[in-house]
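Visitor: To start, I am sharing the structure in question, which I have written as structure tokens.
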Amino acid sequence: MKHFHDKKILKREFSIGDRVLLFNSRLRLFSRKLKSKWSGPFEVTQVFLHGAIKISCPSRNRIKVNGQRVKHYLGVSNEVKIIEVIYLN
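Here the sequence shown is numbered in our numbering, starting from 125 and rising by one per residue.
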């Protein structure tokens, strides 16, 4: 039984400065079918052993969560890099 459970657990690697989404397991709203179960993005401030991480949260200072409750944020980053400007005549 433990073997089947362990197969579904994904090994996720986080580093300081990564942006993550937090899973909201206590969502009990009327329109929960349309509401996203993920909140964020939050920034990883500290990484502990065995997959626990500490994230910065605007409502609190920092909270410590299990690494299985977060996923990487794949949204638009704030950094814009201009490599080369080409002018067309």
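Cβ atoms here follow ideal geometry from the backbone N, Cα and C, with glycine treated the same way. This one's a predicted model, so the numbers in the text were calculated from it and none came from an experiment.
How would you call Leu173, buried or exposed, if buried means at least 16 neighbouring beta carbons within 10 angstroms?
Guide: The count along the sequence shown starts at 1 and reaches residue 173 at position 49. By the neighbour-count rule (16 or more Cβ atoms within 10 Å), Leu173 is not buried but exposed.
Visitor: Whole angstroms is fine: what's the gap from Gly199's alpha carbon to Arg143's?
Guide: The residue given as residue 199 occupies position 75 in the sequence shown. The residue given as residue 143 occupies position 19 in the sequence shown. Rounded to whole angstroms, Gly199 to Arg143 spans 9 Å at the Cα level.
Visitor: By the three-class DSSP mapping on this structure, what secondary structure does Leu146 have?
Guide: Stepping through the sequence shown from its first residue, residue 146 is reached at position 22. The answer is strand: DSSP assigns Leu146 an E or B state.
Visitor: Considering only their Cβ atoms, is the gap separating Gly191 from Gly175 smaller than 8 Å?
Guide: Within the sequence shown, numbered from 1, the residue matching residue 175 stands at position 51. Within the sequence shown, numbered from 1, the residue matching residue 191 stands at position 67. Cβ distance < 8 Å, so Gly175 and Gly191 count as in contact.
Visitor: Looking only at C-alpha atoms, which of Ile206, Ile210, Arg184 and Val194 sits nearest to Leu134?
Guide: On the sequence shown, residue 134 is found 10 positions in, with the first residue counted as 1. Selected option, being the one with the closest Cα: Val194.
Visitor: From the DSSP secondary-structure annotation, give me the bridge partner or partners of Glu167.
Guide: Residue mapping note: residue 167 aligns to position 43 of the sequence shown, counting from 1. According to DSSP, Glu167 bridges with Arg143 and Ser180.
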